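Undergrad: Residue numbers (the numbering used here), protein chains in the order written: chain A, 2 to 101; chain B, 630 to 790; chain C, 24 to 364.
Note that beta-carbon positions come from the ideal geometry of N, C-alpha and C, so glycine has one too.
Predicted, not measured: the structure shown is a model, and the values here were computed from it.
Quick one: the structure is below, and I'll ask about it shortly.
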Amino acid sequence: MTVLPYLAVSACLFGIGLYGLLSSRNFIKMLLSAEVIFNGGLLALLSLAAASGAPPTGGTIAILAIAIAAAEVGVAVSIAILMFMLKGDVDVYKLEKFKG
Amino acid sequence: MFQANIVEGLIFTLAAALTIASAALVVSAKSLVYSAFFLALVGAGNAVFMAMLGFPVISLFQLSVYVGAAVTFILFSITMFRKPVRIEPTAGILALDAAVLATAGLLYAFQSVTGTPVSVGFKEISSLLIGKYRFALIIASLALVTTLIEAITLAMRGEMK
Amino acid sequence: MQVSEIISWLINLLFYKPEVFCPIFYPGLVTILALLIFIIWLERKIAAKVQLRYGPLYVTRKAGGILQLLADLLRYMFQEPIIPKTVDKIAFIAGPVLLFATAYVPAALLPATAEFTGLRSELSLLAVLALLTLAPIFDIIIGWGSNNKFSLIGSMREGYIVMSYEIPMFLSTLAIAMVYGSLNIVEIVEMQSRCWGILLNPIAAATFLLVALISTARFPFEIAEAETEIVMGPYTEYSGILYGLLMGASYVKFYVLSMLFALLFLGGWHPSITWLEKIHPAAPGLVVFIKALIIMVFGIFLRAVYPRFRVDQAIRVGWHLLFMLSMLSIAYSLAVIWLVG
């Protein structure tokens with residue numbers, strides 16, 4: 002069994018996550034879709050690492066990526082909580098104040 | 630050898646079905662709590678793939694850190710939003726187009742990749758992590774500590790209000 | 024002839040294949056059920072003794088009511104599980120089943136003896152820990168799905184407490200794994216034949232024991248299901264076999280953590296009793312079980328003598344005390360490695 006089927010699954014995850022990200026305006030929902038994309042990306046990273054010459058390097062990067070992802074979820078959820086405290090909602094359309 | 634291949638294919642098919650169905654449910658579930666729960670299932674299915682690709686350490690790391698901690702955190706903050714959450718009806722065909730195009734593009738890009746699953750022990754990864762990638766490890770730890778401090782600050786702020 | 028062959032094949036499969044024996048008999052399902060019946064009876068009996076009562080008595084009066092829990096289990100089985108109209112049905116029904124399953128799976132991965140283990144892996148300790156962290160998700164899901172304010176408050180408390188004990192649990196376990204330089208439970212136990220882990224790193228042992236008490240809602244920390252405050256916490260709406268599963272799940276988790284404590288810190292199957300091996304290859308594992316049972320009895324004794332912490336006090340214990348202790352235990356491990364080499 003080659004790594005191709007894994008890559009196919011990762012592409013599907015990426016597509017599903019992208020659809021969810023684009024088609025919702027709820028902040029938490031967007032975060033969850035982004036996490037699906039992250040899972041797809043992680044799977045692609047590891048499959049390509051297995052196919053490459055130095056699998057342990059890819060594994061190390063994956064571990065760092067997972068740790069950073071946990072931190073990122075913390076940051077994003079904190080933003081959502083603050084937004085909920087200030088606006089009473091998590092609709093991203095109401096984030097006009099933060100426009101550049 | 631032949632039988633092992635069949636078992637591997639069966640596990641892969643099951644895990645792929647579970648993961649993709651869960652991913653679809655993350656996007657389409659009405660309730661955010663269900664979305665978060667299915668995200669946990671996506672993470673768990675992904676952990677199965679990682680173990681099959683030959684990275685058992687990363688698989689277990691994903692299961693404990695990502696599924697265990699991150700998803701508990703998400704569930705938790707979602708449950709805190711007591712208001713029924715509005716979810717907009719699908720923002721049209723554009724998102725679907727983009728998603729299908731992205732998937733097709735990725736599949737096209739990946740089709741020439743050749744390679745087979747490997748086997749990577751935790752000693753190799755940990756030696757890389759504390760050797761060559763020491764600086765990245767420090768940065769990642771700092772990021773985690775920052776998140777911790779931020780969460781505590783946020784909790785204190787809620788208390789003061 | 025044919026039949027006897029099939030029977031001997033079945034016996035061989037069930038009793039002498041560790042991959043089958045470990046999940047089903049020891050340290051798996053059968054042991055867990057027997058232990059549940061015994062330990063909950065003992066818990067009620069000890070609490071009764073301390074409070075100058077009799078405790079469960081009428082079922083098998085001669086043996087002090089030891090079959091009371093069997094009777095309760097039968098009652099739960101045949102009682103109608105009431106599903107209220109307002110709950111989220113899928114979460115309400117699937118939650119307890121998945122909670123019990125995720126609490127049970129790590130037990131199946133624990134080794135019985137050095138040769139007789141269900142999971143042979145370099146990373147078995149990490150696997151058990153990773154699976155242990157999955158159970159709280161379902162606690163939160165059922166609290167949310169019950170659509171009841173007591174359930175929601177209970178599961179919120181559970182969520183807070185999970186966050187405060189998870190990091191110390193990982194750090195203290197990794198501290199002892201660092202001393203032995205291995206993440207394989209069997210290897211760790213084999214290295215304890217001369218010196219137990221609790222002597223090598225007492226700080227990690229203390230942290231792990233406290234974490235075990237917190238994570239399974241033993242008494243000073245029985246906060247999520249505080250009966251006198253929030254009815255039954257997340258389990259308020261449950262009845263029948265679903266409630267039985269929920270109640271069993273926390274004891275199963277406590278059993279897994281006690282076994283883990285016995286394996287990591289109390290020398291596992293050392294001192295090994297070799298003549299037991301003639302009875303059955305898994306029999307020397309009884310030593311681990313007895314050690315774990317002592318831990319469990321200690322844990323349930325606390326119910327009789329301690330009041331309950333408030334949730335903020337428990338979180339303070341988690342972050343101020345346990346987090347610092349687990350950091351200290353890592354430093355201690357490094358010192359031990361540096362000194363002993």
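Per DSSP, aspartate 92 of chain A is paired with what?
TA: As a first step, residue 92 of chain A is located in the first sequence; it is residue number 91 there, counting from the start. In the DSSP output, where bridge partners are listed per residue, aspartate 92 of chain A has A/Asn27.
Undergrad: Under the three-state reduction of DSSP, which class applies to threonine 83 of chain C: helix, strand or coil?
TA: Working through the third sequence from its first residue, we reach residue 83 of chain C at position 60. Coil, per DSSP.
Undergrad: Is it the case that the Cβ atoms of valine 747 of chain B and proline 6 of chain A are separated by a distance below 8 Å?
TA: Working through the second sequence from its first residue, we reach residue 747 of chain B at position 118. Working through the first sequence from its first residue, we reach residue 6 of chain A at position 5. Going by C-beta atoms, valine 747 of chain B is not nearer than 8 Å to proline 6 of chain A.
Undergrad: Would you please verify whether the beta carbon of tyrosine 695 of chain B is less than 8 Å from any beta carbon of chain A?
TA: Translated into positions along the second sequence, residue 695 of chain B becomes position 66. True, the Cβ-Cβ gap to chain A drops below 8 Å.
Undergrad: Identify whether threonine 251 of chain C lies in helix, strand or coil by the three-state DSSP scheme.
TA: As a first step, residue 251 of chain C must be located in the third sequence, where it is residue number 228. If DSSP states are grouped into helix, strand and coil, threonine 251 of chain C belongs with the helices.
Undergrad: Between which residues of its own chain and methionine 192 of chain C is the CB-CB distance below 6 Å, once the five residues before and five after are set aside?
TA: Counting from 1 along the third sequence, the entry for residue 192 of chain C is found at position 169. The answer, listed in chain order, is Val234.
Undergrad: May I ask you to report which of helix, strand or coil DSSP gives threonine 239 of chain C?
TA: By 1-based counting over the third sequence, the position of residue 239 of chain C is 216. In this structure, threonine 239 of chain C counts as coil in the three-state DSSP scheme.
Undergrad: In or out: proline 713 of chain B buried (at least 16 other Cβ within 10 Å) or exposed?
TA: By one-based count along the second sequence, residue 713 of chain B stands at place 84. Low local confidence applies: a pLDDT of 48 at proline 713 of chain B is under 50, so the model's placement there is unreliable, with the coordinate-based value given in what follows. By the neighbour-count rule (16 or more Cβ atoms within 10 Å), proline 713 of chain B is not buried but exposed.
Undergrad: Quick one: which residues of the region 723–749 of chain B get their C-beta closer than 8 Å to a C-beta of chain A? List them in chain order.
TA: Taking 8 Å as the Cβ-Cβ cut-off against chain A, the residues of the region 723–749 of chain B that qualify are Leu723, Ala724, Leu725, Ala727, Ala728, Val729, Ala731, Thr732, Leu735, Leu736, Phe739, Gln740, Val742, Thr743, Gly744, Thr745, Pro746, Val747, Val749.
Undergrad: For leucine 689 of chain B, would you say it is in contact with chain A, using Cβ-to-Cβ distances shorter than 8 Å as the test?
TA: Working through the second sequence from its first residue, we reach residue 689 of chain B at position 60. Not closer than 8 Å to any Cβ of chain A, the Cβ of leucine 689 of chain B fails to qualify, so no.
Undergrad: Using CA coordinates, which residue listed in C/Thr156, C/Gln336, C/Leu197, C/Glu245 is at the minimum distance from glutamine 691 of chain B?
TA: In the second sequence, the residue the question calls residue 691 of chain B occupies position 62. Looking at the Cα atoms, C/Thr156 is the closest of the given residues.
Undergrad: Give the range of the alpha helix (DSSP H) segment to which tryptophan 32 of chain C is assigned.
TA: For the purposes of this step, residue 32 of chain C is taken as residue 9 along the third sequence, with counting starting at 1. Residues 25–39.
Undergrad: What residues from chain B crowd round glutamate 393 of chain C, counting only those whose CB sits closer than 7 Å?
TA: The structure shown does not extend to residue 393 of chain C, since chain C is modelled only from 24 to 364, so the question has no answer here.
Undergrad: Using DSSP bridges, identify the partner residues of threonine 140 of chain C.
TA: Here residue 140 of chain C refers to the residue found at position 117 of the third sequence. Paired residue(s): C/Pro134.
Undergrad: What are the start and end residues of the alpha helix (DSSP H) that includes glutamine 91 of chain C?
TA: Within the third sequence, the letter at position 68 stands for residue 91 of chain C. 91–101 is the span of the alpha helix (DSSP H), which, as asked, contains glutamine 91 of chain C.
Undergrad: Going along chain A, which residues have a C-beta under 8 Å from serine 660 of chain B?
TA: Taking the first residue of the second sequence as position 1, residue 660 of chain B is located at position 31. Residues of chain A passing the Cβ test: none, with the nearest at roughly 11 Å.
Undergrad: Just checking: is the beta-carbon of leucine 233 of chain C within a distance shorter than 8 Å of some beta-carbon in chain B?
TA: What you label residue 233 of chain C is simply residue 210 of the third sequence in a count that begins at 1. Judged by the 8 Å Cβ criterion, leucine 233 of chain C is not in contact with chain B.
Undergrad: Can you find a CB in chain B that lies within less than 8 Å of the CB of isoleucine 264 of chain C?
TA: For the purposes of this step, residue 264 of chain C is taken as the residue at position 241 of the third sequence. No - not a single Cβ of chain B is within 8 Å of the one on isoleucine 264 of chain C.
Undergrad: How many angstroms separate the CA atom of isoleucine 160 of chain C from the CA atom of isoleucine 184 of chain C?
TA: On the third sequence, position 137 is the one that residue 160 of chain C refers to. On the third sequence, position 161 is the one that residue 184 of chain C refers to. Computed Cα separation, rounded: 12 Å.
Undergrad: Tell whether a beta-carbon distance below 8 Å holds between valine 677 of chain B and alanine 644 of chain B.
TA: Counting from 1 along the second sequence, the entry for residue 677 of chain B is found at position 48. Counting from 1 along the second sequence, the entry for residue 644 of chain B is found at position 15. In contact: valine 677 of chain B and alanine 644 of chain B (Cβ atoms closer than 8 Å).
Undergrad: Quick one: residues in its chain with C-beta nearer than 8 Å to the C-beta of leucine 773 of chain B, no 5 flanking neighbours on either side, listed in chain order?
TA: Mapped onto the second sequence, residue 773 of chain B falls at position 144. There are no such residues.
Undergrad: Please list, in chain order, the chain A residues whose beta carbon lies closer than 9 Å to that of phenylalanine 641 of chain B.
TA: As a first step, residue 641 of chain B must be located in the second sequence, where it is residue number 12. In chain order: Met2, Pro6, Tyr7, Val10.
Undergrad: Which residues in the same chain have their Cβ closer than 8 Å to the Cβ of leucine 175 of chain C, if we skip the five residues on either side of it in sequence?
TA: Within the third sequence, the letter at position 152 stands for residue 175 of chain C. The residues are Gly166, Trp167, Ser169.
Undergrad: So that I know if they touch, is there some Cβ in chain B lying closer than 8 Å to that of glycine 42 of chain A?
TA: Mapped onto the first sequence, residue 42 of chain A falls at position 41. For glycine 42 of chain A, the answer is no, since every Cβ of chain B falls outside 8 Å of its Cβ.
Undergrad: Could you give the first and the last residue of the continuous alpha helix (DSSP H) run that contains aspartate 162 of chain C?
TA: As a working note, residue 162 of chain C is residue 139 in the third sequence. From DSSP, the alpha helix (DSSP H) with aspartate 162 of chain C extends over 158–168.
Undergrad: So with Cβ pairs under 8 Å, would you call alanine 72 of chain A a contact of chain B?
TA: Locating residue 72 of chain A in the first sequence gives position 71, counting from the first residue. Yes, its Cβ sits closer than 8 Å to a Cβ of chain B.
Undergrad: Is the Cβ of leucine 668 of chain B closer than 8 Å to any Cβ of chain A?
TA: On the second sequence, position 39 is the one that residue 668 of chain B refers to. Cβ-Cβ to chain A under 8 Å: yes for leucine 668 of chain B.
Undergrad: Under a CB-based cut-off of 8 Å, is valine 677 of chain B close to chain C?
TA: Mapped onto the second sequence, residue 677 of chain B falls at position 48. Not one chain C Cβ lies under 8 Å of valine 677 of chain B.
Undergrad: In whole angstroms, what separates the C-alpha of tryptophan 342 of chain C from that of phenylalanine 231 of chain C?
TA: On the third sequence, residue 342 of chain C is found 319 positions in, with the first residue counted as 1. On the third sequence, residue 231 of chain C is found 208 positions in, with the first residue counted as 1. Their Cα atoms are separated by approximately 14 Å.
Undergrad: Three-state secondary structure (DSSP) at phenylalanine 346 of chain C?
TA: For this step, residue 346 of chain C is matched to residue 323 along the third sequence. If DSSP states are grouped into helix, strand and coil, phenylalanine 346 of chain C belongs with the helices.
Undergrad: Leaving out the 5 sequence neighbours to the left and right, which residues in its chain are closer than 8 Å to valine 53 of chain C when beta-carbon positions are compared?
TA: Stepping through the third sequence from its first residue, residue 53 of chain C is reached at position 30. So the list reads Ile47, once near-sequence residues are dropped.
Undergrad: Does the Cβ of valine 363 of chain C have 16 or more other Cβ atoms within 10 Å, making it buried, or fewer, making it exposed?
TA: As a position in the third sequence, residue 363 of chain C is number 340, starting the count at 1. It counts as exposed.
Undergrad: Compare the beta carbon distance of isoleucine 64 of chain A and isoleucine 767 of chain B with 8 Å and say whether it is the shorter of the two.
TA: To locate residue 64 of chain A, count along the first sequence from 1; it is residue 63. To locate residue 767 of chain B, count along the second sequence from 1; it is residue 138. No.
Undergrad: Is the beta carbon of alanine 70 of chain C sitting closer than 8 Å to the one on arginine 241 of chain C?
TA: For the purposes of this step, residue 70 of chain C is identified with residue 47 of the third sequence, where counting begins at 1. For the purposes of this step, residue 241 of chain C is identified with residue 218 of the third sequence, where counting begins at 1. No; because the gap between Cβ atoms is not below 8 Å, this pair is not in contact.
Undergrad: Report buried or exposed for alanine 77 of chain C, applying the criterion of at least 16 other Cβ atoms within 10 angstroms of its Cβ.
TA: Within the third sequence, the letter at position 54 stands for residue 77 of chain C. The displayed chain sequence assigns tyrosine, not alanine, to residue 77 of chain C. The residue in question, tyrosine 77 of chain C, is exposed, as its Cβ has fewer than 16 Cβ neighbours within 10 Å.
Undergrad: Give, in chain order, every unbroken run of the alpha helix (DSSP H) that is at least 4 residues long and sits entirely within the region 635–690 of chain B.
TA: The region 635–690 of chain B contains these whole alpha helix (DSSP H) runs: 661–682, 685–690.
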